[in-house]
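Novice:
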Amino acid sequence: MSVIGTSVTRKEAPNKVTGRARYTDDVNVPGTWHAVMVPSQQAHARIMAINTESAQNVAGVKAVLTGCDVAILTGDVIEDRPPLAHEKVRYWGEPVALVVAHDEASARRAAGLIEVRYQPLKVVNSIQEALAANAPLIHERISEYQVATPPAYPKRASNLADEANVVKGDVDMVWEQSAIRVQVRVKLPQVDHAAMEPRVAKAEILADGRVLIHSNTQAPYEVQKLLAKYFHLDPGQIIVQVPLIGGAFGGKATVHLEILAYLASKAVGGHAVKIANTREADLASSPVGMGLEADIGLAATKDGRLMAAKMRYFMDIGAYADSAPRIARAIAAQCTGPYKIEHLHADVYCVYTNHTYTTAFRGFGHMPMTFAIERAMDELARTLHIDPLELRERNALAPGDTTPTQARLTRSNLGDLPLAIDHMRTLIHWNGPTPRVVDDRHIRATGVAAFWKTSSSPPNAISGAIVTMNGDGSVNLSIGAVEFGAASKTTAAQILAEQLRIPLERVFIREEVNTHVDPEHWKTVASLSTYMVGRAVLDAANDLIRQLKDLAATVLRCSADDLDYGNEKLFVRDDPSIQLKFSDLALGYKYQEGDSIGGQLMGRGHFMIRHLNLLDQETGQGRPGPAWTVGVQAVEVEYDRMTHQYQILTAASVIDAGRVINPAAAVGQVMGGMNMGLGVASREVIHYDAQGQFLSNQFRTYRLMRVGEQPQEYRVEFVETPQVDSPFGARPLGEHGVLAIGAALANALSSAAEVPLNTLPLTPEAIWQARRRRLHYDTV
Amino acid sequence: MRSLTGPQAMTLTINGDARQVVVYPGETLLYTLRGDALGLTGAKPGCENGDCGACTVLIEQMPVKSCMVLTVEVEGSDITTVEGLQHAPIQQAFIDHGAFQCGYCTSGFLMVGHALSQQPDHDQGRLVEWLRSNICRCTSYQEITDAVRAVCSEIES
Ligand code: FES
Ligand code: FES
Chain G
1 MSVIGTSVTR KEAPNKVTGR ARYTDDVNVP GTWHAVMVPS QQAHARIMAI NTESAQNVAG
61 VKAVLTGCDV AILTGDVIED RPPLAHEKVR YWGEPVALVV AHDEASARRA AGLIEVRYQP
121 LKVVNSIQEA LAANAPLIHE RISEYQVATP PAYPKRASNL ADEANVVKGD VDMVWEQSAI
181 RVQVRVKLPQ VDHAAMEPRV AKAEILADGR VLIHSNTQAP YEVQKLLAKY FHLDPGQIIV
241 QVPLIGGAFG GKATVHLEIL AYLASKAVGG HAVKIANTRE ADLASSPVGM GLEADIGLAA
301 TKDGRLMAAK MRYFMDIGAY ADSAPRIARA IAAQCTGPYK IEHLHADVYC VYTNHTYTTA
361 FRGFGHMPMT FAIERAMDEL ARTLHIDPLE LRERNALAPG DTTPTQARLT RSNLGDLPLA
421 IDHMRTLIHW NGPTPRVVDD RHIRATGVAA FWKTSSSPPN AISGAIVTMN GDGSVNLSIG
481 AVEFGAASKT TAAQILAEQL RIPLERVFIR EEVNTHVDPE HWKTVASLST YMVGRAVLDA
541 ANDLIRQLKD LAATVLRCSA DDLDYGNEKL FVRDDPSIQL KFSDLALGYK YQEGDSIGGQ
601 LMGRGHFMIR HLNLLDQETG QGRPGPAWTV GVQAVEVEYD RMTHQYQILT AASVIDAGRV
661 INPAAAVGQV MGGMNMGLGV ASREVIHYDA QGQFLSNQFR TYRLMRVGEQ PQEYRVEFVE
721 TPQVDSPFGA RPLGEHGVLA IGAALANALS SAAEVPLNTL PLTPEAIWQA RRRRLHYDTV
Chain W
1 MRSLTGPQAM TLTINGDARQ VVVYPGETLL YTLRGDALGL TGAKPGCENG DCGACTVLIE
61 QMPVKSCMVL TVEVEGSDIT TVEGLQHAPI QQAFIDHGAF QCGYCTSGFL MVGHALSQQP
121 DHDQGRLVEW LRSNICRCTS YQEITDAVRA VCSEIES
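Keeping their order, the protein sequence lines are chains G and W.
If you use the UniProt record's numbering, the first sequence corresponds to residues 1 to 780, in order.
If you use the UniProt record's numbering, the second sequence corresponds to residues 1 to 157, in order.
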């Protein structure tokens with residue numbers, strides 16, 4: 001039986017239900033020392049003095065570091081971030097000093113004794129304030145910054161870290177000629193990844209110069225490369241180990257605590273040092289997800305054909321750029337949503353503010369972007385009196401079309417949105433967007449929204465796999481993708497089992513990643529591991545099969561071409577009774593006389609992304625990712641007209657998954673994604689006060705969904721249009737549950753409350769305010 | 001009354017075993033459990049503030065957030081951690097219903113679900129009320145509630 005398309009239990013499941021699954025902070029070298037950071041109590045201020053004397057005198061304290069001790073700038077794209085604030089602080093919670101002590105309690109006590117004298121500067125507390133004429137500059141030396149990973153164009157004497165543009169067709173002419181135009185302005189706050197496991201990193205510098213890093217990173221090979229670069233080490237000297245990760249969502253793909261852990265260890269002669277975020281630090285000091293404000297203009301014909309789009313996106317990236325320039329390009333490249341718009345102009349701005357800096361968040365910018373475009377699509381449907389699903393279907397991109405950046409679309413790289421929409425109609429018994437009255441207070445409405453997403457990766461992203469055989473014919477699989485809950489290890493094992501035609505139980509896969517041992521995988525992000533790792537695993541499996549056949553051919557005195565395999569055996573095709581077991585060959589073949597040939601069989605495989613390129617600065621032209629995943633989502637709400645509270649009755653997704661490798665895991669990913677997307681849309685928000693103080697630094701102030709608040713019912717369906725170059729046709733799926741569900745919620749509530757709702761989160765108060773504003777406008 | 005300054009030697013009853021530990025008066029149970037001496041790292045720190053429930057253990061069969069309890073308070077109490085669940089039905093139910101992804105919240109939810117299933121009354125309202133104490137960022141909650149409900153109704157019948 002095929003293991004592809006079967007709901008197998010994830011490999012690490014037994015360990016996860018017994019407390020035996022080990023995460024980074026569960027295993028510590030005895031005697032590990034502790035580092036604690038001192039967070040800034042100002043959002044924007046000059047550092048006048050730091051008094052560390054009383055901290056140094058606390059018993060057990062081994063070192064105290066400040067920005068003056070660390071003269072480097074870090075950053076994935078633009079090198080703009082000092083690991084410890086230097087000369088000034090740019091957000092509340094920014095690490096200002098680091099205390100290393102024998103134990104955590106002493107380190108904390110000492111950290112509390114460090115006095116920082118600030119001279120407050122005017123706080124840039126919003127995108128508007130950042131872009132205002134005479135706005136205070138957050139980075140005075142912006143023009144001196146190195147761009148480590150082009151493209152990125154920091155603008156001198158401004159708060160603009162970068163700008164990405166896409167131009168296609170003749171937007172101005174077509175805009176003027178179009179019969180219908182709608183304009184929507186959306187506003188989304190910064191949000192947090194809120195993985196249940198806070199970030200943690202440990203570093204030790206061995207006597208032989210090797211650096212051991214343990215952390216819960218999604219990007220172990222990036223940690224290796226960047227530490228080597230910042231501290232002038234050989235990448236091979238740095239060994240990064242990552243056990244199971246307790247949730248990531250993009251927030252663990254950037255290098256943050258690892259740098260501090262290394263600095264701490266170096267300051268104490270290489271002793272093992274750990275730095276573990278408290279929840280408060282994980283929220284306020286480590287990077288969050290960006291805020292977004294966008295103006296979307298759509299022009300269409302009277303029968304609802306999209307003609308032109310004018311869009312401006314402003315990202316609240318916070319104090320440092322991190323991966324914002326790459327997210328900006330992802331937004332630009334997919335700015336139209338999954339719709340054909342031949343004439344468009346989109347500008348995406350990365351705006352520095354004195355908010356916590358931001359990094360990738362599940363969906364890599366596509367969630368807020370999709371919210372913007374899908375609110376505009378619903379406004380267009382309302383204006384035109386066209387069924388919103390119909391409007392989306394009519395404008396869906398098709399094979400032969402090109403993307404905003406003029407990448408050519410095929411059935412394989414695009415998938416089939418109209419088919420997904422068709423399935424959605426049946427799945428939710430679609431009756432149109434008109435609300436249904438339940439009683440004199442309650443009203444029910446359904447909203448829909450569609451999405452597409454490609455997996456932006458560098459044009460040279462790589463992956464690898466190594467398979468070794470055990471004496472009994474079972475295999476060990478080594479890959480560089482980490483496991484944070486998306487079942488990436490299990491999926492890789494399934495692909496290997498399928499290709500070798502052996503049961504899944506005969507594939508052993510390590511939970512941990514070790515950069516010293518496991519072949520490099522770019523980063524476990526962008527839902528790309530099935531595609532990239534999967535291809536490498538297939539390559540390794542084929543390599544192993546070749547070796548098995550060659551050895552068997554020698555022993556059986558036939559040609560390798562005469563051989564086939566199955567049931568852990570190789571056999572002669574036309575006479576299967578002539579056979580050898582995998583176990584006879586795994587560690588070399590031993591003849592009856594005792595002499596032997598072969599050796600341990602091991603397959604190696606690799607994969608490199610192909611045919612991608614960087615987007616052109618002027619037009620954005622280029623190919624941003626290998627393929628797109630498309631889908632449509634729907635939300636049914638019951639809305640209380642009196643209190644503006646609402647219940648989510650149903651949340652539904654139909655996604656073109658290409659080929660579903662593990663149905664139960666896939667449904668779980670999508671359901672969990674919907675829950676997260678609905679949490680973000682309905683309640684999650686990072687609040688800053690007027691001085692830029694981060695107010696949402698606990699789970700009682702940063703509120704997440706809890707049991708009982710989730711939709712009463714989830715419905716998930718997949719259509720399967722194979723992505724031909726992907727293992728078994730599978731498309732990326734891990735992030736997609738979140739992408740359009742918030743927009744679908746806003747669309748449902750907008751029709752229930754009879755007011756456009758374009759601001760997140762959609763709290764009852766926000767709905768009440770929107771209605772009040774509307775009432776006010778209507779009467780004046 | 002016993003004075004509580006400096007390290008205290010005491011005996012804790014954990015998963016049926018008497019364990020000798022030396023703890024500081026200000027030490028949370030979560031800290032003691034996870035420390036080198038006991039090494040019971042199934043209970044996880046998620047907030048150390050009572051908000052997330054990842055640290056949940058049972059004290060006298062009732063779920064308690066171990067980050068909110070001082071170890072010195074539970075001397076003599078019967079403490080059960082996830083490591084003490086021996087083939088409890090809730091464990092297989094979590095696997096069958098796909099009630100975890102990253103698994104970080106799982107120990108805590110298992111303990112709440114297990115304790116609830118041992119209660120005489122576990123109607124829907126109670127189930128929601130109990131499970132609301134914990135947070136999961138990966139799943140949709142439906143998987144977790146389905147798993148807990150399945151175990152509760154199995155015990156009933
Ligand atoms: S760690 Fe105890 S409730 Fe979060
Ligand atoms: S499974 Fe990851 S937080 Fe619940």
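Built from N, CA and C at the ideal position, the CB exists for glycine as well.
In terms of alpha-carbon separation, which member of H343/G, V348/G, V707/G and A560/G lies closest to A330/G?
Specialist: V348/G
Novice: Please confirm whether V36/G and V89/G have their CB atoms less than 7 Å apart.
Specialist: no
Novice: Among Q61/W, L30/W and L38/W, which has the Cα closest to the Cα of P120/W?
Specialist: Of the candidates Q61/W, L30/W and L38/W, the residue whose Cα lies closest to the Cα of P120/W is Q61/W.
Novice: Using CA coordinates, which residue listed in G447/G, G598/G, Q406/G and L397/G is at the minimum distance from L389/G?
Specialist: Checked all of G447/G, G598/G, Q406/G and L397/G; the closest Cα to L389/G is G447/G.
Novice: Could you tell me the boundaries of the beta strand (DSSP E) in which D78/W lies?
Specialist: Its beta strand (DSSP E) spans residues D78 to T80.
Novice: Are there any heavy atoms of ligand 1 lying less than 6 Å away from the beta-carbon of G289/G, as far as the coordinates show?
Specialist: no
Novice: Drop a sphere of 10 angstroms on the beta-carbon of K302/G, count the other beta-carbons inside from all chains shown, and report buried for 16 or more, exposed for fewer.
Specialist: exposed
Novice: Name the chain W residues that come within less than 8 Å of P761/G, Cβ to Cβ?
Specialist: In chain order: nothing, as chain W lies at least about 16 Å away.
Novice: Whose CA, out of A665/G, Q621/G and S751/G, lies closest to the CA of R165/G?
Specialist: It should be pointed out that residue 165/G corresponds to Asn in this sequence rather than to Arg. The shortest C-alpha separation from N165/G is found at Q621/G.
Novice: Let me check understanding here. Comparing Cα to Cα, which of P338/G, S158/G, N125/G and N662/G lies closest to H139/G?
Specialist: S158/G
Novice: Would you identify the three-state DSSP class for M671/G, choosing helix, strand or coil?
Specialist: helix
Novice: Less than 6 Å between the CB of P45/W and some heavy atom of ligand 1, yes or no?
Specialist: yes
Novice: How far does the alpha helix (DSSP H) with N395/G in it extend, from its first residue to its last?
Specialist: P388 to N395
Novice: Please return the same chain residues whose Cβ sits closer than 8 Å to the Cβ of A387/G, not counting the five positions on each side in sequence.
Specialist: Per the sequence shown, residue 387/G should be read as Asp rather than Ala. Closer than 8 Å at the Cβ level, and outside the excluded window around D387/G, lie A381, G432 and P433.
Novice: Given 8 Å as the limit, is there contact between the stretch 273-286 of chain G and the stretch 664-682 of chain G, that is, 3 or more CB pairs closer than that?
Specialist: no
Novice: Let me make sure I understand the geometry here. Which of H736/G, A627/G, G269/G and G631/G has the alpha-carbon closest to that of V724/G?
Specialist: A627/G
Novice: Across the stretch 289-298 of chain G and the stretch 223-240 of chain G, are there enough close Cβ pairs to call them in contact, namely three or more that are closer than 8 Å?
Specialist: no
Novice: Less than 6 Å separating the Cβ of E197/G from some heavy atom of ligand 1?
Specialist: no
Novice: Would you mind working out which of G209/G, K202/G and A309/G sits nearest G169/G, comparing C-alpha positions?
Specialist: Of G209/G, K202/G and A309/G, the residue nearest in Cα terms is A309/G.
Novice: Judging by CA-CA distance, which residue of G16/W, G50/W, I144/W and R34/W is the nearest neighbour of R279/G?
Specialist: G50/W
Novice: Buried or exposed: G304/G, going by 16 or more other Cβ atoms within 10 Å of its Cβ?
Specialist: Per the 10 Å Cβ criterion, buried.
Novice: Between which residues of its own chain and A37/W is the CB-CB distance below 6 Å, once the five residues before and five after are set aside?
Specialist: V21
Novice: Note down the Cα distance separating V660/G from E511/G, rounded to an integer number of angstroms.
Specialist: Spanning the two alpha carbons is a distance of roughly 23 Å.
Novice: Here's the rule: buried if 16 or more other CB atoms are within 10 angstroms of the residue's CB, otherwise exposed. What is C68/G?
Specialist: exposed
Novice: Roughly how many whole angstroms lie between the Cα atoms of A264/G and A105/G?
Specialist: 16 Å
Novice: Hey, is Y23/G close to ligand 2, as in C-beta under 6 Å from one of its heavy atoms?
Specialist: no
Novice: Distance check for A766/G and V780/G, CA to CA, integer angstroms please.
Specialist: Residue placement at V780/G is poorly supported in this model, since its pLDDT is 41, which falls under 50; the coordinates still yield a value, given next. Cα to Cα, the separation comes out at about 21 Å.
Novice: Is the CB-CB distance between L40/W and E83/W below 7 Å?
Specialist: yes
Novice: From H114/W to S153/W, what does the alpha carbon distance come to, in whole angstroms?
Specialist: 12 Å
Novice: What would DSSP say about P120/G, mapped onto helix, strand or coil?
Specialist: strand
Novice: Going by DSSP, name the residue or residues bridged to H442/G.
Specialist: The partner list for H442/G (beta bridge, DSSP) reads D640/G.
Novice: Look at R210/G and L257/G and say whether their C-beta atoms are less than 7 Å apart.
Specialist: no
Novice: Could you please give the first and the last residue of the uninterrupted beta strand (DSSP E) stretch that includes D564/G?
Specialist: L563 to G566
Novice: Compute the Euclidean distance between the alpha carbons of I462/G and P722/G, then round it to the nearest angstrom.
Specialist: Answer to the nearest angstrom: the Cα atoms are 22 Å apart.
Novice: Say whether the stretch 405-425 of chain G touches the stretch 5-17 of chain W, bearing in mind that this needs 3 or more beta-carbon pairs closer than 8 Å, one atom from each stretch.
Specialist: no
Novice: Relative to chain W, which residues along the stretch 5-26 of chain G have a C-beta separation below 9 Å, given in chain order?
Specialist: Residues of the stretch 5-26 of chain G with a Cβ closer than 9 Å to any Cβ of chain W, in chain order: S7, T9, R10, E12, A13, P14, N15, K16, V17, T18, G19, R20, A21, R22, Y23, D25 and D26.
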